[in-house]
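Residue numbers (numbering that gives the first Met the number 0), protein chains in the order written: chain A, 0 to 487; chain B, 0 to 167; chain C, 0 to 534.
In this text, a Cβ means the ideal position worked out from N, Cα and C, and glycines have one as well.
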Amino acid sequence: MNKRFNKVLIANRGEIANRVLACLQKLEIDSVVIFHALDARSPVVANATESAEVYGDSPTAAYLDIEQIVSICKSHKVDAVHPGYGFLSENPGFVTALAKEGITFIGPGSDVMKLMGDKIASREFVESLGLPVPPSVTLDVDDPALTEQVAKLGYPVIVKASAGGGGKGMSIVSGQDELEATLRVAASEAEAYFGDSRVYVERYFEQTRHIEVQILGDGTNCVHLGERECSVQRRFQKIIEEAPSPALTPEKRTSICETAVAIARAAKYESAGTVEFLYTHEGDFYFLEMNTRIQVEHPVTEMIYGIDLIEQQINIAANNAMTLSQGDLNPTGHAIECRLYAEDAFNGYLPEIGKLLYMHVPDGVRFDSGLYQNQVIGSAFDPMLAKLIVHGESRDAAIGNMRQALGELAILGIKTNQEFLARVIDSQPFRQGDTHTGMLEQLNLSEPEISAEERASLLAASYLADRHTRQRIDRTPHPYLNIGDWRN
Amino acid sequence: MHPRYLVNDESYELAPQRIAGEQTLVTIDDSDHRISLYWFDDHQAELVINNESHLVFIAQDEDKLFIHLNGRTHTIERLNDFSGSSALQDVDGIITAPMPGAVLTIHVKAGEPVTNDQVLMVIESMKMQLEIKSNTDGIARAINYEVGQTFDRGALLVEIETEETCEE
Amino acid sequence: MRRIESKINPASKEFTANRRNYHQVLNEFHDRQDKARFTRPERDIERLKRQNKMMPRVRLDLLLDPGTPFLEFSSLAANMAYDGDSPSASCITGIGIVSGQEVVIIASDSTVKGGAWYPLTVKKMIRALDIALENHLPVVHLCDSAGAFLPKQAELFGDRYMAGRIFRNQCLLSKQGCKQLALVFGHCTAGGAYIPALSDYSVIVEGTGAVFLGGPPLVKAATGEDVTIDELGGARMHTTVSGTCDYYAADEKEAIEIGREIVMQWEKKPKFSLQRETPEDPYYDPEDLYGIIPSDKRIPMDAKEVIARLVDGSRFAEYQPDYGDTLVCGFANIWGYKVGIFGNNGVLFNESSLKGGHFMELCHQNHVPLVFLQNITGYMVGKEYERRGITKDGAKMIMIQACSEVPKFTIMTNGSYGAGNYGMCGRAYDPRTLFSWPHSELSVMGSDQAANTLVTIKVNQLKREGIEPDETMLNEIREDILQSYAATSSAYYTSSELFDDGIIDPVDTRNALGISISASLNSPLGDSRYGILRL
Numbered sequence: 000m001n002k003r004f005n006k007v008l009i010a011n012r013g014e015i016a017n018r019v020l021a022c023l024q025k026l027e028i029d030s031v032v033i034f035h036a037l038d039a040r041s042p043v044v045a046n047a048t049e050s051a052e053v054y055g056d057s058p059t060a061a062y063l064d065i066e067q068i069v070s071i072c073k074s075h076k077v078d079a080v081h082p083g084y085g086f087l088s089e090n091p092g093f094v095t096a097l098a099k100e101g102i103t104f105i106g107p108g109s110d111v112m113k114l115m116g117d118k119i120a121s122r123e124f125v126e127s128l129g130l131p132v133p134p135s136v137t138l139d140v141d142d143p144a145l146t147e148q149v150a151k152l153g154y155p156v157i158v159k160a161s162a163g164g165g166g167k168g169m170s171i172v173s174g175q176d177e178l179e180a181t182l183r184v185a186a187s188e189a190e191a192y193f194g195d196s197r198v199y200v201e202r203y204f205e206q207t208r209h210i211e212v213q214i215l216g217d218g219t220n221c222v223h224l225g226e227r228e229c230s231v232q233r234r235f236q237k238i239i240e241e242a243p244s245p246a247l248t249p250e251k252r253t254s255i256c257e258t259a260v261a262i263a264r265a266a267k268y269e270s271a272g273t274v275e276f277l278y279t280h281e282g283d284f285y286f287l288e289m290n291t292r293i294q295v296e297h298p299v300t301e302m303i304y305g306i307d308l309i310e311q312q313i314n315i316a317a318n319n320a321m322t323l324s325q326g327d328l329n330p331t332g333h334a335i336e337c338r339l340y341a342e343d344a345f346n347g348y349l350p351e352i353g354k355l356l357y358m359h360v361p362d363g364v365r366f367d368s369g370l371y372q373n374q375v376i377g378s379a380f381d382p383m384l385a386k387l388i389v390h391g392e393s394r395d396a397a398i399g400n401m402r403q404a405l406g407e408l409a410i411l412g413i414k415t416n417q418e419f420l421a422r423v424i425d426s427q428p429f430r431q432g433d434t435h436t437g438m439l440e441q442l443n444l445s446e447p448e449i450s451a452e453e454r455a456s457l458l459a460a461s462y463l464a465d466r467h468t469r470q471r472i473d474r475t476p477h478p479y480l481n482i483g484d485w486r487n
Numbered sequence: 000m001h002p003r004y005l006v007n008d009e010s011y012e013l014a015p016q017r018i019a020g021e022q023t024l025v026t027i028d029d030s031d032h033r034i035s036l037y038w039f040d041d042h043q044a045e046l047v048i049n050n051e052s053h054l055v056f057i058a059q060d061e062d063k064l065f066i067h068l069n070g071r072t073h074t075i076e077r078l079n080d081f082s083g084s085s086a087l088q089d090v091d092g093i094i095t096a097p098m099p100g101a102v103l104t105i106h107v108k109a110g111e112p113v114t115n116d117q118v119l120m121v122i123e124s125m126k127m128q129l130e131i132k133s134n135t136d137g138i139a140r141a142i143n144y145e146v147g148q149t150f151d152r153g154a155l156l157v158e159i160e161t162e163e164t165c166e167e
Numbered sequence: 000m001r002r003i004e005s006k007i008n009p010a011s012k013e014f015t016a017n018r019r020n021y022h023q024v025l026n027e028f029h030d031r032q033d034k035a036r037f038t039r040p041e042r043d044i045e046r047l048k049r050q051n052k053m054m055p056r057v058r059l060d061l062l063l064d065p066g067t068p069f070l071e072f073s074s075l076a077a078n079m080a081y082d083g084d085s086p087s088a089s090c091i092t093g094i095g096i097v098s099g100q101e102v103v104i105i106a107s108d109s110t111v112k113g114g115a116w117y118p119l120t121v122k123k124m125i126r127a128l129d130i131a132l133e134n135h136l137p138v139v140h141l142c143d144s145a146g147a148f149l150p151k152q153a154e155l156f157g158d159r160y161m162a163g164r165i166f167r168n169q170c171l172l173s174k175q176g177c178k179q180l181a182l183v184f185g186h187c188t189a190g191g192a193y194i195p196a197l198s199d200y201s202v203i204v205e206g207t208g209a210v211f212l213g214g215p216p217l218v219k220a221a222t223g224e225d226v227t228i229d230e231l232g233g234a235r236m237h238t239t240v241s242g243t244c245d246y247y248a249a250d251e252k253e254a255i256e257i258g259r260e261i262v263m264q265w266e267k268k269p270k271f272s273l274q275r276e277t278p279e280d281p282y283y284d285p286e287d288l289y290g291i292i293p294s295d296k297r298i299p300m301d302a303k304e305v306i307a308r309l310v311d312g313s314r315f316a317e318y319q320p321d322y323g324d325t326l327v328c329g330f331a332n333i334w335g336y337k338v339g340i341f342g343n344n345g346v347l348f349n350e351s352s353l354k355g356g357h358f359m360e361l362c363h364q365n366h367v368p369l370v371f372l373q374n375i376t377g378y379m380v381g382k383e384y385e386r387r388g389i390t391k392d393g394a395k396m397i398m399i400q401a402c403s404e405v406p407k408f409t410i411m412t413n414g415s416y417g418a419g420n421y422g423m424c425g426r427a428y429d430p431r432t433l434f435s436w437p438h439s440e441l442s443v444m445g446s447d448q449a450a451n452t453l454v455t456i457k458v459n460q461l462k463r464e465g466i467e468p469d470e471t472m473l474n475e476i477r478e479d480i481l482q483s484y485a486a487t488s489s490a491y492y493t494s495s496e497l498f499d500d501g502i503i504d505p506v507d508t509r510n511a512l513g514i515s516i517s518a519s520l521n522s523p524l525g526d527s528r529y530g531i532l533r534l
């Protein structure tokens with residue numbers, strides 16, 4: 000039970016690269032980090048034991064270049080790779096390429112990855128286990144019976160790319176007249192982004208909750224670390240997550256978590272994974288998809304269970320066995336995570352660009368980010384800047400801590416959704432735990448006004464801090480400024 | 000010429016009167032204020048306005064000031080009194096990028112006539128595709144980006160010559 | 000330094016009467032100044048609008064830093080000349096702050112006859128440049144002028160201190176290391192073209208700015224060449240082909256912005272130091288001056304009471320308080336700067352002249368500027384005084400004052416007559432700035448005295464012609480002389496002719512002096528040449 004890796008390569012960037020590096024440093028395992036030129040100044044590069052630059056036609060392409068990465072693994076004598084999330088984390092080809100060189104991929108095997116990566120196949124798998132999936136139609140786009148079948152499902156429906164996931168490649172269709180056009184666009188986008196044009200149509204439940212269960216497995220045994228609720232979303236992307244879900248009774252919790260474990264066990268899942276469910280108003284739940292990687296929102300689970308999931312992944316990968324048993328896992332309290340994005344959240348969430356000039360993180364919170372002073376935030380990568388996570392004895396306590404943290408956190412140089420997140424946390428529905436996927440649209444938040452006093456303070460601070468003012472005033476000789484605005 | 004700043008899309012003027020000791024007397028919104036700013040380091044400061052003290056974090060990037068005050072972060076833009084503000088959008092024939100991204104496909108050539116709402120190019124950003132349409136009838140005078148090229152928000156993508164802007 | 004104990008009673012009848020009188024004086028002053036500054040024929044304002052030009056004071060507002068003062072010179076220049084055709088002598092001059100830099104500003108006012116130069120315009124511009132030279136100040140020119148006012152050309156061209164002197168001064172300013180910026184908003188023709196050409200930096204506005212030695216009509220007449228204004232000397236040509244101007248501006252606002260950025264690049268030269276403490280407002284209200292200034296010039300005005308309303312904390316370290324009491328001398332602070340003050344309480348006697356001279360020596364030794372508050376009818380006359388050498392003593396005072404190594408500043412606070420004007424540093428003695436209070440008078444002798452003498456002369460003349468004037472005639476003659484005398488000895492006349500740098504409200508004296516002193520510190524203070532001669 001005590002096998003260890005000598006050197007692990009982190010095939011990722013930004014926040015998660017930092018996270019994985021922190022764990023490797025804790026475990027005293029040597030690290031290699033790959034980076035594209037745009038990330039050269041990232042602290043991960045300086046802090047890892049070794050680093051290697053990757054090249055590509057675009058920054059993203061560089062991080063997706065399997066051949067280059069495998070070659071770096073070989074030249075640096077790496078024995079394992081942690082893929083983080085996104086990029087190559089769910090790419091079976093990468094797993095295989097590494098395996099050929101005898102390098103361990105810290106994650107599940109390529110077979111289960113392929114199964115769960117194909118949304119249509121994974122649905123069918125879960126259905127075959129007798130477990131609930133949402134009503135859907137998976138005919139070919141050109142099939143004449145498609146329109147009729149979809150009509151039977153009932154509008155609205157959602158078109159999803161089979162090879163998609165993580166909130167990408169999905170569009171809602173509200174009526175039959177939009178169906179054909181949406182299918183075509185979805186298919187072409189799916190081909191372009193995921194290399195697989197297959198799409199399927201699901202009944203769209205408005206105002207449902209998104210509940211997912213964290214599991215850990217070693218191929219034989221499987222445990223769950225409770226659920227997370229990730230219903231607060233915009234454009235299908237999660238922005239606030241919490242653990243545990245305020246909606247579940249202990250019975251429902253047991254039911255959902257055991258369903259997740261059943262699925263994972265049946266798939267002989269190895270490493271960390273997340274089973275995502277749709278939870279309706281009526282209390283029904285349906286399997287949506289399984290993510291065969293560590294998730295962005297893993298910290299909330301870590302905070303209530305006191306478990307380091309990355310460490311678990313590494314141990315499982317090194318030993319092919321897991322030391323945890325369900326009885327070891329006893330959560331306490333409540334955790335909330337807010338994702339900070341570089342965007343104009345009150346105006347259509349349009350992405351923002353800028354430079355991180357200064358950051359002040361309050362004490363007593365967990366702040367996971369890959370940010371560094373003077374970092375240029377451009378459009379090359381995902382606009383998520385950081386994750387702000389708090390823990391509290393109760394949900395109310397956690398809400399109080401999060402609200403305070405959102406007020407004290409200062410990120411200067413780029414517009415973020417920080418104020419927006421604060422407004423959501425403040426809202427009645429959130430406070431009461433009435434979260435669902437349509438919540439943000441319903442809340443229809445608008446940018447809060449600035450009072451006249453605040454405005455005066457802002458103008459005063461701007462004027463006095465402004466470089467132009469200071470430069471001019473420094474140069475002005477005595478006694479002109481004391482005499483002030485005077486004419487004879 | 001009094002300094003003006005843009006707060007939440009509206010411009011406000013601050014009229015400095017004079018400096019007395021550590022304090023500056025200014026007029027904002029027709030009332031007088033005594034203000035001063037004490038720096039603790041490059042970014043952290045104490046703002047005192049009419050004897051009320053506030054802790055602030057400030058960073059400046061050219062004409063933009065980022066200020067964290069009373070639990071909120073604001074972006075204040077210093078307005079140059081001389082040149083008008085950017086606001087090139089909404090002008091007929093000027094097609095700017097609504098967000099940063101890259102050009103996916105181009106559907107028009109320089110010199111070709113275009114009609115209002117005609118799709119000129121398709122851009123992508125954050126894995127979303129967006130059609131860029133003309134806002135006027137006219138002739139496409141310049142397409143300033145090539146397929147694959149990236150741009151920032153507000154970038155001048157296409158210029159269309161309308162009847163008014165036609166050169167003799 | 001002790002605070003002056005004021006003996007003025009603001010509740011007294013006198014005080015109130017003086018105040019009432021002075022408010023009228025001020026009303027007249029403000030009326031005349033406002034008219035000179037702002038009243039322009041509607042068609043001239045319209046013309047500027049049509050030409051897309053801004054009003055000169057609007058340009059100034061944009062040019063100057065926010066929250067800073069502008070000390071304007073000679074607003075009432077030419078107010079009693081040319082039938083009032085050239086208000087403010089068609090230009091605005093003064094000292095202000097641009098991009099943190101102290102500068103002299105000379106701005107043409109093209110709302111007055113297109114900004115054409117009258118003889119007094121030239122004099123006012125030269126005066127501003129002289130101020131820049133003496134105080135080592137940079138200059139910003141706002142050019143917008145039609146050129147010389149031809150009907151008066153004989154009075155503005157040819158002599159030493161006429162138009163040519165403007166450009167000569169520019170050259171010497173440059174030699175001294177004082178920078179000049181020209182913003183060309185209109186035409187710079189013939190001599191005027193040398194203003195931007197001799198400036199270190201220039202910005203020219205598209206469409207309205209033009210620089211050429213001869214305009215199109217002149218060129219056509221001289222060589223038969225047909226050329227447009229723009230082709231000949233417009234913004235594009237001079238900034239791309241000839242290099243005569245440095246920066247092209249699409250409009251006036253842009254020109255000012257560029258100008259401000261240019262000045263922002265200018266070296267912040269260290270100033271010469273002067274003893275300076277934290278400034279403090281006077282303890283007594285400066286507005287008390289309105290109640291202190293007597294409505295009749297024959298009634299004395301206590302110099303110490305005036306000083307108490309001008310200096311920091313009303314504190315004054317008097318020198319030789321018990322000797323030569325018709326001249327008050329002492330150290331005080333104005334806007335924190337230590338100065339040596341001279342104020343009159345009567346005519347100058349031997350003792351007061353010697354005290355004045357001695358105190359000036361002390362100021363030189365102490366490197367402190369001199370501030371003269373003139374209220375002087377002259378030196379004492381009479382046998383006793385001549386025998387005691389009043390002429391010698393007066394000469395000592397004038398000699399030391401004229402050879403001063405420290406800057407001098409003069410305020411005409413009441414009357415300034417005859418040789419007293421000299422000893423107390425009148426215009427001819429180069430005070431860095433000289434301002435007049437609106438009620439003040441300046442002439443070679445008091446009007447009554449002068450009238451008597453002139454009447455006598457006139458009567459003798461008439462007698463020679465065989466006319467024997469009677470009582471009525473005598474009175475008429477006297478009245479005529481008194482009237483014309485009054486007109487030409489008033490502050491309005493002296494200001495019109497640029498015998499001063501402008502009329503100011505007494506209450507503004509402190510600020511005017513503070514700015515003048517600060518400006519003067521750009522040039523070095525000299526050292527005394529001798530030890531102190533006990534006079």
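Spatial neighbours of residue i within its chain, please: CB distance less than 8 Å, with the 5 preceding and 5 following residues excluded, ordered by chain position.
| i | result |
| --- | --- |
| A:A421 | R402, L405 and G406 |
| C:I480 | A449, A450, L453, V454 and K457 |
Comparing the C-beta of residue i with each C-beta of chain B, is any distance below 8 Å?
| i | result |
| --- | --- |
| C:D229 | no |
| C:P65 | yes |
Which same chain residues end up closer than 7 Å to residue i when comparing Cβ atoms and leaving out the 5 residues on each side of it in sequence?
| i | result |
| --- | --- |
| A:E296 | R227, C229, K237, E240 and E336 |
| C:P293 | N17 and M300 |
Can you confirm whether residue i, when its beta carbon is compared against all beta carbons of chain A, has any partner nearer than 8 Å?
| i | result |
| --- | --- |
| C:N510 | yes |
| B:D28 | yes |
Kindly say whether residue i, judged by its beta-carbon, lies nearer than 8 Å to any beta-carbon of chain C.
| i | result |
| --- | --- |
| B:D89 | Bear in mind that a pLDDT of 48 at B:D89, under 50, signals an unreliable position, so the model cannot answer this. |
Check whether the Cβ atoms of residue i and residue j lie closer than 8 Å to each other.
| i | j | result |
| --- | --- | --- |
| B:S133 | B:I93 | no |
Considering only heavy atoms of the ligand SAM, does any lie closer than 7 Å to the CB of residue i?
| i | result |
| --- | --- |
| A:P447 | Only the bare structure without any ligand can be found here, which leaves the ligand SAM out of the picture. |
Buried or exposed for residue i, going by 16 or more other Cβ atoms inside 10 Å?
| i | result |
| --- | --- |
| C:H29 | exposed |
For residue i, I'd like the list of residues in its chain whose CB is within less than 6 Å of its CB, leaving aside the five on either flank, ordered along the chain.
| i | result |
| --- | --- |
| B:H73 | I66 |
| C:D599 | Only positions 0 to 534 of chain C appear in this structure, which leaves residue 599 of chain C out of reach. |
With residue i as the anchor, note down where its beta strand (DSSP E) starts and where it stops.
| i | result |
| --- | --- |
| A:Y285 | F284 to N290 |
| A:A271 | E269 to Y278 |
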